[in-house]
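*Asks:*
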Amino acid sequence: MSAEIFDKVKNIQAEIKSASPDTAEALEQFRIRFVGAKNILKPLFGEIRNIENERKKEFGQLVNQVKQDAETKFNQLKAQLEEKAEEADAGQLDLTAPGEPLQLGARHPVSIVMNRIVKIFERIGFVVAEEREIEDDWHNFTAMNTPEDHPARDMQDTYYLQNSTSMLLRTHTSSVQARTMVEQQPPIRIIAPGRVYRNETISARSHCQFHQVEGLYVDKNVSFADLKQTLLYFAREMYGPDTKIRLRPSYFPFTEPSAEMDVSCFICNAEGCNVCKYTGWVEVLGCGMVDPAVLANCGIDPEEYTGFAFGMGIERQAMMLYKINDIRLLFENDVRFLNQFTSAY
Ligand code: PHE
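Numbering-wise, numbering that gives the first Met the number 0 puts 93 at position 94 of the sequence shown, and it's gapless, one number per residue.
1. Please determine, among Gly98, Leu26 and Leu103, the residue with the shortest C-alpha to C-alpha distance to Leu337.
2. DSSP beta-bridge partners for Tyr159?
3. Identify, in the order they occur along the chain, each residue of the same chain with its Cβ nearer than 6 Å to the Cβ of Tyr344, setting aside the five sequence neighbours on each side.
4. Enumerate, from N- to C-terminal direction, the unbroken beta strand (DSSP E) stretches of 3 or more residues contained entirely within the region 240–266.
5. With a threshold of 7 Å, establish whether the CB of Thr254 neighbours any heavy atom of the ligand PHE.
6. Measure from the alpha carbon of Ile4 to the alpha carbon of each residue in Pro42, Lys16, Ser17 and Glu24, then state which is nearest.
7. Look at the alpha carbon of Leu246 and the alpha carbon of Arg131, and state the distance between them as a whole number of angstroms.
8. Any idea if Tyr159 is buried or exposed, counting beta-carbon neighbours within 10 angstroms, 16 or more meaning buried?
9. Using only CA atoms, which one of His138, Arg30, Ile123 and Trp280 lies nearest to Ser165?
10. Going along the chain, which residues of its own chain have a beta-carbon closer than 7 Å to the beta-carbon of Leu328, five neighbours each way excluded?
11. Confirm the yes/no value for this check: CB of Ala308, any heavy atom of the ligand PHE, distance under 7 Å.
12. What residue from Ile133, Phe223 and Gln211 has the CA that sits closest to Arg169's CA?
13. From the DSSP secondary-structure annotation, give me the bridge partner or partners of Met352.
14. Note down, in chain order, each residue of its chain lying with its Cβ closer than 7 Å to the Cβ of Gln255, except the 5 sequence neighbours on either side.
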C-alpha cells in the first residue's frame, strides 16, 4: 500500500520536473495543478496516516520536497515568461506615438526677483561677485568696521559654527565687499547676490535664512550724488519709470553717511494700501558711502578712493511683488506654490 503512494508522489515529482509550460495559459494550468489552492499534492498530506510508522517521516519529507519543487519551478517559469513578454513589448515600439510631455519647472520667486535686480545693475557695468556662505569673523564683521565689542553686532544675531568663535554663517552679503576689496584694487563695481543667515525666530514675517543683493562701487571721486543717481536708475527700472525715491538718514557701521531708501509704493502707486501702510512709501534698501576705515581695513587707500555700497533683502520684495503673506512659503518647496511663478528672467 505505502509503496504505491510513494510511487504516486514520485510520479508527480517527475511530472513537475519535465513540465515546460511556455505560454501564460500553460503556466496557469501548471499553477492550478501543482501550486494553487486545490493542487494535487494537498490530499497526499492526508495520506500520511495510512503509512507505516517507520516510513511516516520519509513520506512527509518527500511530499514537502515535491511541494517546494513545484513552487520553485513555478516562480522561475513565471519570471522567464515575464521577461519574454517585456522583450516582445520592446520590439513593438510605436514610433509614431506622441512623446511623453516634459514637465517644465518654474523659477523660484526669489530667483526671479534676484535675477531681475542683478540684470538691472549689470546693464550699467556692475559685475556679479559670488562668495562663500561660511565666513570668518573678520570678513563679516571686523573688516566691515564692526569689532568684537561693537554694539552693532547685536543688530544681527549670528550663527557660529559648532566649537568656533570665529567661523560663522554670513549675516549679510557685505562680507563680499571685504572679500573683493582685499583681492582687487579699484575701480571695483560689483553686484553680489546670495543667501544670508540670522538667528531669528521663524515667523510669517522673518526667517533664519534669506537672500540679499549687495552692490559696491569704489573708484576715484565716487560721490553721494553717484549713489543717489544709481539708486534712482535702479528704482525706475525695477518698479516702473514714474517711481520716486527718498533717502532717510540711517546707521550702518560700514558706511558713513548711511541711508535707507524708500520707493513710492509700487503696489498702489503711492495712493495708500496695506503694503505701504497707507504712507505711500516702502523701504527697499540700506546704503551709504563706504566708511574710509573699511577701505583701509581692506588695503585700499581712502585718501585716493571713495565708494558707495548698498544692500537689500530679496524675500520682502518678492512678497510685496507677488502678494505673498508668509515668508515660510518661500522655503517649503511646495510645488503647488512654486508652479504659480513664471518669468522671462
Ligand atoms: N548689510 C546691510 C544689512 O544687512 C545692508 C547694507 C549694505 C547697508 C551695504 C549699507 C551698505 O542690513
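Where is the CB? At the ideal position from N, CA and C, for every residue including glycine.
Note that this is a predicted model, so its numbers are computed, not measured.
*Replies:* On the basis of the coordinates in this document:
1. Here the question's residue 337 lines up with position 338 in the sequence shown. Considering only alpha carbons, the answer is Leu103.
2. To locate residue 159, count along the sequence shown from 1; it is residue 160. Answer by DSSP bridge pairing, in chain order: Leu167.
3. Taking the sequence shown and counting its residues from 1, the one referred to as residue 344 is at position 345. Here the model assigns Tyr344 a pLDDT of 48, short of 50, so the residue's position is not dependable and the matter cannot be decided.
4. Look at the region 240–266 and you find these whole runs of beta strand (DSSP E), each 3 residues long or longer: 244–251 and 254–263.
5. Position 255 of the sequence shown, counted from the start, is the residue given in the question as residue 254. Within the cutoff, so yes.
6. Along the sequence shown, one-based indexing puts residue 4 at 5. Measuring from the Cα of Ile4, the nearest candidate turns out to be Pro42.
7. The residue you call residue 246 lines up with position 247 of the sequence shown. The residue you call residue 131 lines up with position 132 of the sequence shown. Taking the straight line from one Cα to the other gives about 31 Å.
8. Numbered from 1 along the sequence shown, position 160 holds the residue referred to as residue 159. By the 10 Å Cβ count, Tyr159 comes out exposed.
9. What you label residue 165 is simply residue 166 of the sequence shown in a count that begins at 1. Comparing Cα-Cα distances from Ser165 to each of His138, Arg30, Ile123 and Trp280, the minimum goes to His138.
10. For this step, residue 328 is matched to residue 329 along the sequence shown. Once the five neighbours on either side are set aside, the close Cβ partners of Leu328 are Phe336.
11. In the sequence shown, counting from the first residue as 1, residue 308 sits at position 309. Checking every heavy atom of the ligand PHE against the Cβ of Ala308, one is found closer than 7 Å.
12. The residue labelled residue 169 in the question sits at position 170 within the sequence shown. Among Ile133, Phe223 and Gln211, the Cα nearest to that of Arg169 is on Ile133.
13. Residue 352 cannot be examined here, being either before or after the span of the chain that is shown, 0 to 344.
14. In the sequence shown, the residue the question calls residue 255 occupies position 256. It is worth fixing the name first, because residue 255 is Glu in this sequence and not Gln. The residues are Gly287, Met288 and Asp290.
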